[in-house]
Amino acid sequence: MDHTVKSFQEELDAIAASIAQMGGLAEAQLAGAIEAVSRRDTALAELAVSQDRRIDVLEHEIEARAVRVIALRQPMASDLREAISAIKISTDLERIGDLSKNIAKRAIVIQGDFDTPVRLIQGIARMGRLAQVQLKSVLDACSNRDAQLAIEVWKGDEEIDEMYNSVFRELLTYMMEDPRTIGVCTHLLFIAKNVERIGDHATNIAETVHYVVTGETMLDNRPKGDTTSSTPVPIQ
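Using our numbering, the letters of the sequence shown map in sequence onto residues 101 to 336.
Here it is as structure tokens:
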């Protein structure tokens with residue numbers, strides 16, 4: 101019996117290690133994508149795009165391991181939460197990888213457009229760095245089983261939304277004032293939206309971590325500051 105319990109724990113530990121590895125790759129990919137936008141660095145952007153493949157592979161491996169644990173071990177209570185949550189967290193990390201890849205791809209497209217106002221790029225870079233902090237914090241909460249830190253990440257998503265609102269309004273202003281900027285500003289809008297979505301996925305992970313640790317779902321309404329869907333776009 102002790103051997104069986106030990107073997108089961110080793111399987112859960114292996115899944116947790118793969119989650120940590122996947123999280124580290126997602127952090128590096130996001131950092132590279134944001135830096136590529138900030139520095140207009142094609143090489144960095146291409147590296148960030150290429151890193152996505154390894155994240156996808158890990159997601160499939162984690163899902164397969166977790167499903168195997170559930171099928172063969174039939175875990176109960178907290179162990180079942182661990183296995184199910186591993187699948188959910190890996191899915192969110194995979195989406196963060198996809199969004200980072202999309203940011204990097206658009207960084208390649210705009211890298212030659214040096215007429216873009218510097219402060220627009222800087223605003224998106226600040227937003228991206230905040231998303232990096234959120235991702236690092238939620239991964240720390242995951243590895244340390246820290247429900248309180250998960251709650252702090254959950255609450256912090258509103259700040260990313262507010263920054264997105266500001267970037268969104270400024271980009272609209274530039275496009276209205278100078279139609280020649282519409283092309284590059286559209287790419288920047290998509291980059292900003294991808295960063296905002298990364299913040300949402302970090303928040304998803306925070307909710308999952310809280311559930312793993314406490315066994316309870318977060319019942320409060322998720323803090324949400326993205327108002328762009330209701331922002332009227334003036335037509336000249």
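Glycine is no exception: its CB is placed at the ideal position from the N, C-alpha and C atoms.
Spanning the alpha carbons of Q109 and G132 requires a straight line of approximately 35 Å. In this structure, the straight-line span from the alpha carbon of H310 to that of I251 is close to 7 Å.
Residue state for D246 is assigned as coil, using DSSP reduced to three classes. The straight-line gap separating the alpha-carbon atoms of D320 and A186 is approximately 23 Å. For Q174, the three-state secondary structure derived from DSSP is coil. Inter-residue distance for I282 and E296 is about 21 Å (C-alpha atoms, whole angstroms). Per DSSP, reduced to three states, the secondary structure at R140 is coil, with no helix or strand assignment. C242 and V209 have their C-alpha atoms spaced approximately 35 Å apart.
Put simply, of V313, V157, R181 the residue whose alpha carbon is nearest the alpha carbon of Q248 is V313.
Annotation for G228: I134, V295 place their beta carbon closer than 6 Å to its own, counting only its chain and skipping 5 residues before and after. By the 16-neighbour rule on beta-carbons within 10 angstroms, K106 is exposed.
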